[in-house]
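Undergrad: Residue numbers (the numbering used here), protein chains in the order written: chain P, 24 to 245; chain G, 12 to 405. For every residue, glycine included, the Cβ atom is placed at its ideal position computed from N, Cα and C. In this text the structure is predicted, and so the values were computed from the model without any measurement. I have a structure I would like to understand better, so I am pasting it below and will then ask my questions one at a time.
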Ligand SMILES: Nc1ncnc2c1ncn2[C@@H]1O[C@H](COP(=O)(O)OP(=O)(O)O)[C@@H](O)[C@H]1O
Ligand SMILES: [Mg+2]
């Protein structure tokens, strides 16, 4: 279970300028739920995802994931928490564009020093699940946007995390590819993953697999 | 599983190096060259130091010269008898020697006279007397150093040489052997022949000698004996091995000064590279670190990977640089660089650099290069890796 309790997040742009991205936000996400966070650009969606993934820390308030206070984790444990629990599909994918598909998907496993068989099994499972096996040796920058996204999702899943987070996953896709993405979500939902998606794409609104829709505006949940 | 070497991480590091191929080739080349230069300098310095020490060790303990009007004159040979009478003196030998200017090559060679029936003051001379048939030939003959032989051959003299005596007449001397000295510095430009022949070439009377070398039984008594000789011959200059050692070292220190300058220049260049590297990462590199952190790498995972990157490049450069320096100095005899040294007497022929295996040098160069380069690779990455990943990839 993921819980945000009275979370405020402000960014200091300079000494006199403070941007309040989130203002007293609280929410609860149960295990296995698919949650869509919607709202206009700048409403604070990405900030929520960052906090859940322990990529940043709240200014005030707390974030609790599976009874653990992840908002107070020291950097080292925050990394381990991400490694073991979170699969993040970034808006800009954040792939290493000069490496191959295979190498990118393996990246989260590298610090774990897995044995080769284990790593291969995980790699192949992720590549097959997201239908990118045929491109495994291709360099990322030679792939189309849709293919890059599938690599990003495969990488997010390679370590079999419980929580999948996706930031504006369909923003760079045409309708056909967007529907493909929704099919992939269906697969993940079958595996009982907790899924949190930030989007303003109407394609997700009222979708059968979506359990909860949370709407945000100017840093507040409405 | 934790203790195993992480080959995935090493593979990633190698990949990272290859992805920035041209930049890293440039860095490795520069680093290799600097390590090569630095190691060569140390190798040459060590070899020369060794040569000089060996030369000094082979020097006589006391040399007595006659001084008149502040200049060096020939000394009477019978002075040896009075010196021998001093307690503690084992031997006193009148030496006959001098420099001969070899005009065609513009080089000075030293000619040393030996006498079969005298005790030799040097091992190398003893060997010459015992092994060559210098004394048994009817004709005048000589044994020459390898540098002398080479110079003569380059100037069309193969088996003999015509020395020009002070009165302008010629004296033919046959080459009967090659001199093998205790050190290269000594033997290279030396010619050994009988005292009588040397006297003839330099027009020196039978009763005179160039100087007298004195052997003492106890090295601690050198100073006392030197002052006793000075009392007997007030017109003499007494040079002890210690004096010579100091003057040799002065020449060498001056030379090592030049090398120190070179050393400083190469270190300076090295630190410029280091500074450039340490002063910042490209936005691409920063982003990559941010991504790695965002997908679950810990700071120490990132730093380990950077360590491998730095180690691979610097250790590779170190190995190549050191091996190249050893080949350059000991096999090829350090062309160009050696001239800076041997140039101290332009009249001296060049000599061989002996191989001295010096672990200290290897360690010193290692610690001046590898850890510093690794630190320069890690520190800027560490700065980025400890920031919030969110900030870095935004
Ligand atoms: N790292 C940051 N530094 C400064 N301002 C930020 C940062 N991240 C987000 N913001 C600001 O916080 C607000 C919310 O941003 P964000 O959470 O990205 O919203 P959304 O994802 O809904 O577009 C915006 O005004 C944005 O400019
Ligand atoms: Mg956003």
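Determine the burial state of residue 109/P: buried for a count of at least 16 other Cβ atoms within 10 Å of its Cβ, exposed for fewer.
TA: To locate residue 109/P, count along the first chain from 1; it is residue 86. With 16 or more other Cβ atoms within 10 Å, it is buried.
Undergrad: Going along the chain, which unbroken runs of the alpha helix (DSSP H) with 4 or more residues stay wholly within the stretch 127-165 of chain P?
TA: 139-152
Undergrad: Of the residues that make up the stretch 66-78 of chain P, which ones have a beta carbon closer than 7 Å to any beta carbon in chain G?
TA: 73, 78
Undergrad: Closer than 7 Å to a non-hydrogen atom of ligand 2 - does that hold for the CB of residue 149/P?
TA: Residue numbering aside, residue 149/P sits at position 126 when the first chain is read from its first letter. Incorrect: residue 149/P has no Cβ contact closer than 7 Å to ligand 2.
Undergrad: Residue range of the alpha helix (DSSP H) that residue 371/G falls in?
TA: Translated into the one-based positions of the second chain, residue 371/G becomes position 360. It spans 370-396 - the alpha helix (DSSP H) in which residue 371/G sits, taken as one unbroken run.
Undergrad: Quick check on residue 330/G: does DSSP put it in helix, strand or coil?
TA: Here residue 330/G refers to the residue found at position 319 of the second chain. If DSSP states are grouped into helix, strand and coil, residue 330/G belongs with the helices.
Undergrad: Could you compute how far the alpha carbon of residue 346/G sits from the alpha carbon of residue 205/G?
TA: The sequence position of residue 346/G within the second chain is 335, counting from 1. The sequence position of residue 205/G within the second chain is 194, counting from 1. Each residue's alpha carbon lies about 36 Å from the other.
Undergrad: Within the same chain, show all residues whose beta-carbon is closer than 7 Å to that of residue 357/G, passing over the 5 residues directly before and after it, in chain order.
TA: Numbered from its first residue, the second chain carries residue 357/G at position 346. Because residue 357/G sits at a pLDDT of 41, beneath the cut-off of 50, its placement in the model cannot be relied upon, and the point is left open.
Undergrad: Establish whether the CB of residue 359/G and some CB of chain P are separated by less than 8 Å.
TA: Here residue 359/G refers to the residue found at position 348 of the second chain. Residue placement at residue 359/G is flagged as unreliable, the pLDDT there being 45, under the threshold of 50; a coordinate-derived value is accordingly withheld.
Undergrad: Which of the three DSSP states, helix, strand or coil, is assigned to residue 49/P?
TA: The residue you call residue 49/P lines up with position 26 of the first chain. Here residue 49/P sits in strand by DSSP.
Undergrad: What three-state label does DSSP hand residue 124/P in the structure shown?
TA: The residue you call residue 124/P lines up with position 101 of the first chain. Helix.
Undergrad: Cα separation between residue 400/G and residue 79/P?
TA: Residue 400/G sits at position 389 when you count from the first residue of the second chain. Residue 79/P sits at position 56 when you count from the first residue of the first chain. Note on geometry: alpha-carbon atoms of residue 400/G and residue 79/P lie some 7 Å from one another.
Undergrad: At a cut of 8 Å, does the stretch 176-187 of chain G reach the stretch 46-57 of chain G through at least three beta carbon pairs?
TA: no
Undergrad: So is residue 36/P in contact with chain G if we call contact Cβ pairs under 8 Å?
TA: Position 13 of the first chain, counted from the first residue, corresponds to residue 36/P. It does not: the Cβ of residue 36/P has no partner Cβ on chain G nearer than 8 Å.
Undergrad: What number of angstroms, rounded off, separates the C-alpha of residue 225/P from the C-alpha of residue 105/P?
TA: Mapped onto the first chain, residue 225/P falls at position 202. Mapped onto the first chain, residue 105/P falls at position 82. Roughly 29 Å between the two C-alpha positions.
Undergrad: Drop a sphere of 10 angstroms on the beta-carbon of residue 32/P, count the other beta-carbons inside from all chains shown, and report buried for 16 or more, exposed for fewer.
TA: In the first chain, counting from the first residue as 1, residue 32/P sits at position 9. Classified as buried, residue 32/P has 16 or more neighbouring CB atoms from the shown chains inside 10 Å of its CB.
Undergrad: Jot down the residue ranges of each uninterrupted beta strand (DSSP E) in the stretch 91-160 of chain G, minimum 3 residues, whole runs only, in chain order.
TA: As far as the stretch 91-160 of chain G is concerned, its whole beta strand (DSSP E) runs of at least 3 residues are 100-106, 108-113, 118-125, 152-155.
Undergrad: In or out: residue 140/P buried (at least 16 other Cβ within 10 Å) or exposed?
TA: On the first chain, position 117 is the one that residue 140/P refers to. By the 10 Å Cβ count, residue 140/P comes out exposed.
Undergrad: If you drop the 5 nearest sequence neighbours on each side, which residues of the same chain put their C-beta closer than 6 Å to that of residue 217/G?
TA: Translated into the one-based positions of the second chain, residue 217/G becomes position 206. Cβ neighbours of residue 217/G beyond the five flanking positions: none.
Undergrad: Can you list, in chain order, the residues of its chain with a C-beta nearer than 7 Å to that of residue 12/G? Leave out the 5 residues immediately preceding and following it.
TA: As a first step, residue 12/G is located in the second chain; it is residue number 1 there, counting from the start. Because residue 12/G sits at a pLDDT of 48, beneath the cut-off of 50, its placement in the model cannot be relied upon, and the following sentence gives the value as read from the coordinates. Counting only Cβ-Cβ distances below 7 Å, and skipping sequence neighbours, we find nothing.
Undergrad: Near residue 116/P, which residues of its chain fall below 8 Å by C-beta distance, leaving aside the five closest residues on each side in sequence?
TA: Translated into the one-based positions of the first chain, residue 116/P becomes position 93. Same-chain partners within the cutoff: 171, 172, 174, 175.
Undergrad: Which residues, in chain order, sit with a beta-carbon under 7 Å away from any heavy atom of ligand 2?
TA: 64/P, 68/P, 69/P, 114/P, 190/P, 191/P, 221/P
Undergrad: Any residues in the stretch 296-307 of chain G with a beta carbon nearer than 9 Å to a beta carbon of chain P? Which ones, in chain order?
TA: 298, 299, 301, 302, 303, 304, 305, 306, 307
Undergrad: Is it buried or exposed for residue 191/P, if we count other Cβ within 10 angstroms and need 16 for buried?
TA: Reading the first chain from its first residue, position 168 is the one you call residue 191/P. Counting Cβ neighbours within 10 Å, residue 191/P comes out buried, since at least 16 surround it.
Undergrad: First and last residue of the alpha helix (DSSP H) that includes residue 172/P?
TA: To locate residue 172/P, count along the first chain from 1; it is residue 149. Element bounds for residue 172/P: 168-180.
Undergrad: Would you be able to state if there are at least three C-beta pairs under 8 Å between the stretch 213-229 of chain P and the stretch 54-62 of chain P?
TA: yes
Undergrad: Taking only runs that begin and end inside the stretch 40-70 of chain G, name each unbroken alpha helix (DSSP H) of 4 or more residues, in chain order.
TA: none
Undergrad: Using Cβ-Cβ distances below 7 Å, what residues of the stretch 310-337 of chain G are close to chain P?
TA: 310, 312
Undergrad: Would you give the residue range spanned by the beta strand (DSSP E) that residue 190/P belongs to?
TA: Residue 190/P sits at position 167 when you count from the first residue of the first chain. Where residue 190/P is concerned, the enclosing beta strand (DSSP E) stretches over 186-190.
Undergrad: Where does residue 201/G sit, in a helix, a strand or coil, going by DSSP?
TA: In the second chain, the residue the question calls residue 201/G occupies position 190. Looking at residue 201/G - three-state DSSP - the assignment turns out to be strand.
Undergrad: With a threshold of 8 Å between beta carbons, is residue 130/P in contact with chain G?
TA: Translated into the one-based positions of the first chain, residue 130/P becomes position 107. Yes, because at least one Cβ of chain G sits closer than 8 Å to the Cβ of residue 130/P.
Undergrad: What is the DSSP secondary structure of residue 240/P, counted as helix, strand or coil?
TA: Stepping through the first chain from its first residue, residue 240/P is reached at position 217. If DSSP states are grouped into helix, strand and coil, residue 240/P belongs with the strands.
Undergrad: Between residue 62/P and ligand 1, is the CB less than 7 Å from at least one heavy atom?
TA: The count along the first chain starts at 1 and reaches residue 62/P at position 39. Flag set: Cβ of residue 62/P near ligand 1.
Undergrad: What residues in the stretch 132-155 of chain P have a beta carbon less than 9 Å from any beta carbon of chain G?
TA: 132, 133, 134, 135, 136, 137, 138, 139, 142
Undergrad: Note down, in chain order, each residue of its chain lying with its Cβ closer than 7 Å to the Cβ of residue 185/P, except the 5 sequence neighbours on either side.
TA: Your numbering for residue 185/P matches position 162 in the first chain. 108, 216, 217.
Undergrad: Mapping DSSP to helix, strand and coil, what is residue 308/G?
TA: Position 297 of the second chain, counted from the first residue, corresponds to residue 308/G. Residue 308/G falls in the coil class under three-state DSSP.
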